[in-house]
Every structure is written in C-alpha cells, then in structure tokens.
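> Numbered per the numbering used here, the sequence shown spans residues 162 to 246.
This is the structure, below, for whatever I ask next.
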Amino acid sequence: MRQRQLSLDVIIAEVRARRKVKPRGNFMDQLQVWQAVEYQLWEDNQKRIPKAPYQSYLDGRAVRLAAKGLTGNEPIVPLCDWDEY
162 MRQRQLSLDV
172 IIAEVRARRK
182 VKPRGNFMDQ
192 LQVWQAVEYQ
202 LWEDNQKRIP
212 KAPYQSYLDG
222 RAVRLAAKGL
232 TGNEPIVPLC
242 DWDEY
C-alpha cells in the first residue's frame, strides 16, 4: 500500500486475483487504520500521541481484550509443548 501508493481496496483485489486469501478482520482493521493515518500513527515525534483513527483502534482493542480478561501485555506462549517434537 505505502510503497505503491495504492488504496487498501486495490491491494486486496490484486492479492485476491493471485491467491485465495481471506485476511482476518483484525488484520483488515489494522490496514484500514494504516491507510487512514497515511502511514504515520503518531501526532508527535516522541510517539506519545496517537492520531485519532489509531486511538480509536486502540480503544476498541482494549474493550475486546477487557471482555476476555486480558490487557494485551500478556506474554506470548506456544500453543503446544515444543519439547515434545
């Protein structure tokens, strides 16, 4: 999207023309935010103030995580015991 300066709709159509894909909703949400903020998530150089579309995404993410009793800061753990392989 950014490199070719094409919209999300155009890029997804191109990818689907070549491969059978169905991106997850969260990934599509992230790409929509990326496009909306014109590839710059932050209002300031210190990266402390998110642009409105990104803040909205973060707020929605926090609500979804809270409903599951999560914060988003949990460690990533494997789904299986890799020592068995």
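Even for Gly, the Cβ is constructed at its ideal location relative to N, Cα and C.
1. With burial defined as no fewer than 16 other Cβ atoms inside 10 Å of the residue's Cβ, what is the status of tyrosine 200: buried or exposed?
2. Do you know offhand how far glutamine 196's Cα is from lysine 229's?
3. Where do the N-terminal and C-terminal ends of the alpha helix (DSSP H) with glutamine 191 fall, by residue?
4. What residue range does the alpha helix (DSSP H) around leucine 202 cover?
In brief:
1. exposed
2. 28 Å
3. 186-197
4. Run containing leucine 202: none; DSSP gives neither H nor E here.
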